[in-house]
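Q:
Spelled out as structure tokens, the structure:
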């Protein structure tokens, strides 16, 4: 095999390095033990993603091996411990410091090894149990807040067999590192001695690399990537089964991919012939596969590079791998061999320009962040290497999947004997398993075709097997030629006249007309036309107002054998249409006669119908044939020069037969139809045609009333009206057909004899689920072409390569795709596709997000001229709709990039005369200052304070509350700074995902508002993380808030991990004893073995003392107990009168001035309730004696002048604490009780706290 294994990859790295520079081997100085080192750029990117999606295991690398030998727990543990001793990265903990993610060697720690003895189970059950446990472990994310970013699980199986499940986080190991660790573990388990470990560790290398970055090289590479990725980046837009959710779950599933040995041999031969690696050939095929599946010519794929730029790094374990975006343009109709060449060049250039961190490239480009969409590439490919020479006898490897990933699609391949095996991972949010299985099959078939014909045009290589090709071309179509029994559309109507002459044919505002009456009127006009020289081949234009005369004229033209063309009298292009149709006669009525310009045509008016009143009323003899033209139709999409479509009689007759077969009509049925020409169907079956003015067809309410009044049993509407009539009683039947073909689908399936093809640009059939252009075959039913427009006819009516020679098919210009069940999905015209940031938008998905909300009857979303989306919502009944509520409701269902820029509430959707939506009129209604309230200025105090944080973090003078953090210059590292500043300002810490999915000031303020203490938060709040350091735990005052502690906490964070306790909003404890009991439990849950300092402010001093007493009661002495300007509760006072005065003064103290002055009335009320509850607990507290030391840090200034008076001496000395504690040491701090924690006093207070702790601990325990 010529797979790029580890040894060959290392050789390639050396060669690539030699191409770039002859750099000397670096001299790396080890960092002092315990030194925290920033994560390297690949690690930092992974850290950010993990913080963004903390519940995802997408960066885990699991593996399960079956060994043909017995092991025990102690042997596995000892081998793992030796591995950890060899590689510092296996001992690290990670955390953030000032917004920068750091890593620190923890030194010798317990190996993360678990053991399961399954020897008591039957062999098959034991193996299944081990696999199940390993799979569950692989799907569980490795915690970020604990050291050792890997796990090993051992299973003792019956028969002297062992299974080992390893799982390494990508933060500490890439593919090469994992291979090395597993190989070393195998050697240790086999009792072999390993070579000495590398002279320096990964942390040493990371620190050296950071300090020795060649900025000139970085700038060179940055220039390369910004040039390479400039312009609109191609966003991979594969056809999806489901819309993108508002928040991506990152859930993934897999399907197998196999490249058999015979195909692998041909691919290797192709690689050798072209002087490239097998990986490049597979990558080229994968890019071609994506281009064909997505219908795109530019493709970006993420490709991992080893990232080991120096030889010293080759034996290190750590995260070096860098994912780079390989951009390839496949335009110009290249051969597959040319595609390989283009991919190979891009691959080599990427290797030569990998010095610049990926995040820096993204920041330089200023790429938009779309929720659930990777910023640069949406797919990755990896060719993994086997774990060879592991030292154990592995019977087999069991695949484990994390079932999560950060992109839409991934291809992971690995050697499997003499073949390549692997998996295709797909986003479960977007794709179904059936789609993924078909995609894998298409890729395998394309690889085979490319290997067989590398010099063929890449976009002509077949995607389908012969069986699949046969299915999409013929199996999904009905191959039945219709039996045409008539020669004109008038003949079946005349049969009904003879069968039931007195039956009602038409009824409307003008009255009722029987079949006989209608036939007589049509015959007289037809004889008149025949007498004036109009017959087969002579066009008759009908320019009439809606009514029974239209029906008469249509029947008359059919009887005369003259092709008709219906023209809208209101049409601005009427003259051009008449010129194009070149009619022999124009039929008008009294209201339309004046609109017809003079020309070489006769004009006959129903206002002068006396001219043919004396003409015979008998049926005309049939002179036409089915091959004659029935009509000329002007397409709805016609623009500057309207094109008349020449449609034959036989096509219309075939359509009538198929309609009647699929949806039978008969005597007693009443049809209300969207267009006058639809009358031929009900009139051919003895049914009644109900007429209605155009305004009725445009108003759903009037349409429903009209249908009920006339007893309508069959209703047809234009497509845009379907949502409005979906609630009408009866079955909803969806049909489709352009004017050039007539009706071609019924409920998404081919109607009758139609042949429907979904083809790519090379006129090749596309796989099921893939988007292509719809072509309509079968000669019966196709228009002859465009009247007097041969060039346009040749462009749209092309040879059908799937039928007999000479057959034609029509190019619709519509995008479609087949579902697995054969139903055809219509995705709209090619030239009217809406794209946002390169992703195709389906307006129906967005409309549903509005229409499903309460009070909404109809929603329409369209593209606005400025490139954004505009939503229009019709309320249900008289209900008033709030634009803000509509936006919030849609935002919960849609990703941010699909949110319309404006949302306008309208009374009705404007329509054109045809009933279709009048988009131009709709956009004129757009409210650019929509009720969505998307203003730029902050509207609340929280928004204003948060906007200030945005300004500080982004170094801007001002920000818009509706502009994204990322479009204003934010990036991943600044996200951590933003989060820290939010925690410092508000005591609330949003997650990375919160920032990512709601990156504006307004959205993040809403998130923070929902996190405020009224929402049920944990009592214990982490203010400064410092794993392993002693804990300082602040206890709140009567207000229950942790806000006052942030300034001093930041100053203590260099030495301590700092927490604070806040009053729980739900079922709060009623006494100091209950409060302390709960808070002890909260601290116990996080403290581990670290010393604890408890510090209570004001009434919190009583809680702190009670907590310390409880720990002491169970022989766990706190490191220090600090009372911050607090006094003992009045229960210690011997004089009842003094105790009463203290109670009264405490109750009168205006604590609300501390935190409640700027609160909203609701928040102020909640704060007042908390204050009263906590004060009552303090006043009722009777502390037990505490036989240990406490430190009282007392404010130097008295309470404010307007504070209530306290008894003499109560606020002096030790504040009464000597009566309840064995020893009280007092120190004075500048400030008063309410200003003690202000920023101006924070430095002194932090120093006093540190000194008190140092005095009590002597640092013996640190």
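In this note's numbering, the protein residues as written are 13 to 1274.
Quick reminder that beta carbons are idealized off the backbone N, C-alpha and C, glycines included.
Keep in mind that this is a model prediction, so the values were computed, not measured.
With a CB to CB cut of under 6 angstroms and the five nearest residues on each side skipped, what residues in its chain are close to residue 566?
A: Against the chain shown, residue 566 aligns to sequence position 554. Excluding positions up to five away in sequence, the list is empty.
Q: Using only the alpha-carbon positions, how far apart do residue 844 and residue 730 sit?
A: The residue given as residue 844 occupies position 832 in the chain shown. The residue given as residue 730 occupies position 718 in the chain shown. Distance between the alpha carbons of residue 844 and residue 730 is about 18 angstroms.
Q: Quick one: give me the first and last residue of the alpha helix (DSSP H) that residue 712 is part of.
A: One-based indexing of the chain shown puts residue 712 at position 700. Start and end: 712-722.
Q: Pick out whichever of 825, 540, 1231, 632 has its Cα sitting closest to the Cα of residue 788.
A: For the purposes of this step, residue 788 is identified with residue 776 of the chain shown, where counting begins at 1. Among 825, 540, 1231, 632, the Cα nearest to that of residue 788 is on 825.
Q: Quick one: residues in its chain with C-beta nearer than 6 angstroms to the C-beta of residue 216, no 5 flanking neighbours on either side, listed in chain order?
A: Along the chain shown, one-based indexing puts residue 216 at 204. Taking residue 216 as the centre and dropping the five residues before and after it, the same chain places the C-beta of 40, 42, 43 closer than 6 angstroms to its C-beta, in chain order.
Q: Do you know offhand how far residue 124's Cα is from residue 162's?
A: Translated into positions along the chain shown, residue 124 becomes position 112. Translated into positions along the chain shown, residue 162 becomes position 150. Their backbone Cα atoms lie some 7 angstroms apart in a straight line.
Q: Who are the near neighbours of residue 1167 in its chain, counting only those whose CB is closer than 8 angstroms to its CB and skipping five residues on each side?
A: Taking the first residue of the chain shown as position 1, residue 1167 is located at position 1155. Note on residue 1167: pLDDT 41, under 50, position unreliable in the model; the coordinate value appears next. So the qualifying residues of the chain are 1051, 1053, 1055, 1056, 1179.
Q: Provide the residue span of the alpha helix (DSSP H) that contains residue 94, from first to last.
A: Reading the chain shown from its first residue, position 82 is the one you call residue 94. Run containing residue 94: 85-98, per the alpha helix (DSSP H) assignment.
Q: From residue 1073 to residue 1230, what does the alpha carbon distance come to, in whole angstroms?
A: Counted from its first residue, the chain shown places residue 1073 at position 1061. Counted from its first residue, the chain shown places residue 1230 at position 1218. Approximately 25 angstroms, taken between the alpha carbons.
Q: So the alpha helix (DSSP H) residue 414 belongs to, where does it begin and stop?
A: Position 402 of the chain shown, counted from the start, is the residue given in the question as residue 414. Element bounds for residue 414: n/a, residue is neither H nor E.
Q: When the distance is taken between beta carbons, is residue 313 closer than 8 angstroms to residue 298?
A: Position 286 of the chain shown, counted from the start, is the residue given in the question as residue 298. Position 301 of the chain shown, counted from the start, is the residue given in the question as residue 313. Closer than 8 angstroms, so yes.
Q: Going by other Cβ atoms of all chains shown within 10 Å of its Cβ, with 16 needed for buried, is residue 833 buried or exposed?
A: Your numbering for residue 833 matches position 821 in the chain shown. Exposed, since its Cβ has fewer than 16 Cβ neighbours within 10 Å.
Q: Would residue 1127 be called buried (16 or more neighbouring beta carbons within 10 Å of its own) or exposed?
A: For the purposes of this step, residue 1127 is taken as residue 1115 along the chain shown, with counting starting at 1. Result: exposed.
Q: Would residue 887 pass as a contact of residue 868 if the rule is Cβ separation under 8 angstroms?
A: Mapped onto the chain shown, residue 887 falls at position 875. Mapped onto the chain shown, residue 868 falls at position 856. In contact: residue 887 and residue 868 (Cβ atoms closer than 8 angstroms).
Q: Provide the residue span of the alpha helix (DSSP H) that contains residue 1058, from first to last.
A: On the chain shown, residue 1058 is found 1046 positions in, with the first residue counted as 1. 1058-1064 is the span of the alpha helix (DSSP H), which, as asked, contains residue 1058.
Q: Taking 8 angstroms as the cut-off, decide whether the C-beta atoms of residue 455 and residue 269 are in contact.
A: Counted from its first residue, the chain shown places residue 455 at position 443. Counted from its first residue, the chain shown places residue 269 at position 257. Result yes, Cβ atoms of residue 455 and residue 269 sit closer than 8 angstroms.
Q: On the CB-based measure, 16 or more other CB atoms within 10 Å of its CB, does residue 231 come out buried or exposed?
A: Within the chain shown, the letter at position 219 stands for residue 231. Classification of residue 231: exposed, given that the 10 Å Cβ count is below 16.
Q: Please state the DSSP three-state secondary structure of residue 370.
A: Residue mapping note: residue 370 aligns to position 358 of the chain shown, counting from 1. In this structure, residue 370 counts as helix in the three-state DSSP scheme.
Q: Taking the alpha-carbon positions, what's the residue 167 to residue 93 distance?
A: Indexing the chain shown from 1 puts residue 167 at position 155. Indexing the chain shown from 1 puts residue 93 at position 81. Approximately 18 angstroms between the Cα atoms of the pair.
Q: Counting along the chain, where does the beta strand (DSSP E) carrying residue 1127 start and finish?
A: In the chain shown, the residue the question calls residue 1127 occupies position 1115. No beta strand (DSSP E) contains residue 1127, which DSSP labels as neither H nor E.
Q: How many whole angstroms separate the CB atoms of residue 108 and residue 1067, which I take to be in contact at a CB cut-off of 8 angstroms?
A: Residue 108 sits at position 96 when you count from the first residue of the chain shown. Residue 1067 sits at position 1055 when you count from the first residue of the chain shown. 17 angstroms between Cβ atoms; not a contact.
Q: So, at 7 angstroms on beta carbons, what are the nonlocal neighbours of residue 376 in its own chain, with the 5 sequence-adjacent residues on each side left out?
A: The residue labelled residue 376 in the question sits at position 364 within the chain shown. Result list for residue 376: 234, 238, in chain order.
Q: Take residue 932 and list the residues in its own chain whose beta-carbon comes closer than 6 angstroms to its own, dropping the five residues that flank it on each side.
A: For this step, residue 932 is matched to residue 920 along the chain shown. Within the same chain, no residue comes within 6 angstroms of residue 932 by CB-CB distance, once the 5 residues on both sides are set aside.
Q: With a threshold of 8 angstroms on Cβ separation, who are the neighbours of residue 1124 within its own chain once the five nearest residues in sequence on each side are excluded?
A: Here residue 1124 corresponds to residue number 1112 of the chain shown, with the count starting at 1. Excluding sequence neighbours, residue 1124 sits near 1130, 1198, 1199, 1200.
Q: Distance, Cα to Cα, residue 1190 vs residue 1134?
A: Looking up residue 1190 in the chain shown gives position 1178. Looking up residue 1134 in the chain shown gives position 1122. Those two C-alpha atoms are separated by around 17 angstroms.
Q: Please state whether DSSP places residue 78 in a helix, a strand or coil.
A: Locating residue 78 in the chain shown gives position 66, where the first residue counts as 1. Looking at residue 78 - three-state DSSP - the assignment turns out to be strand.
Q: What residue does the beta strand (DSSP E) around residue 337 start on, and which one ends it?
A: For the purposes of this step, residue 337 is identified with residue 325 of the chain shown, where counting begins at 1. Residues 334-341.
Q: With DSSP run on the structure shown, which of helix, strand or coil describes residue 302?
A: Along the chain shown, one-based indexing puts residue 302 at 290. Three-state DSSP puts residue 302 in a helix.
Q: Count the other C-beta atoms from every protein chain shown that fall within 10 angstroms of the C-beta of residue 1193, then say buried if there are 16 or more, exposed otherwise.
A: Residue numbering aside, residue 1193 sits at position 1181 when the chain shown is read from its first letter. Classification for residue 1193: buried.
Q: If we ignore side chains and look at the alpha-carbon of each, how far apart do residue 1244 and residue 975 end up?
A: Within the chain shown, residue 1244 is the residue found at index 1232, counting from 1. Within the chain shown, residue 975 is the residue found at index 963, counting from 1. As the crow flies, the alpha-carbon of residue 1244 is around 42 angstroms from that of residue 975.
Q: What does a CB cutoff of less than 6 angstroms around residue 778 pick up in its chain, not counting 5 residues either side in sequence?
A: Numbered from its first residue, the chain shown carries residue 778 at position 766. Excluding positions up to five away in sequence, the list reads 770, 772, 784.
Q: Give the DSSP-derived three-state secondary structure of residue 179 in the structure shown.
A: Locating residue 179 in the chain shown gives position 167, where the first residue counts as 1. Note: residue 179 maps to strand in three-state DSSP.
Q: Less than 8 angstroms between C-beta atoms, sequence neighbours within five positions excluded: which residues of the same chain meet that for residue 355?
A: The residue labelled residue 355 in the question sits at position 343 within the chain shown. Answer for residue 355: 292, 295, 296, 299, 338, 340, listed in chain order.
Q: Tell me which same chain residues have a C-beta within less than 8 angstroms of the C-beta of residue 798, skipping the five on either side of it?
A: The residue labelled residue 798 in the question sits at position 786 within the chain shown. Correct list, in chain order: 655, 656, 657, 658, 804, 805, 808.
Q: In chain order, what residues of the same chain lie with their CB nearer than 6 angstroms to the CB of residue 853, ignoring the 5 residues before and after it?
A: Here residue 853 is taken as the residue at index 841 of the chain shown, counted from 1. Contacts found: 846.
Q: Anyone know if the C-beta pair for residue 196 and residue 206 falls short of 8 angstroms?
A: One-based indexing of the chain shown puts residue 196 at position 184. One-based indexing of the chain shown puts residue 206 at position 194. Cβ atoms of residue 196 and residue 206: closer than 8 angstroms.
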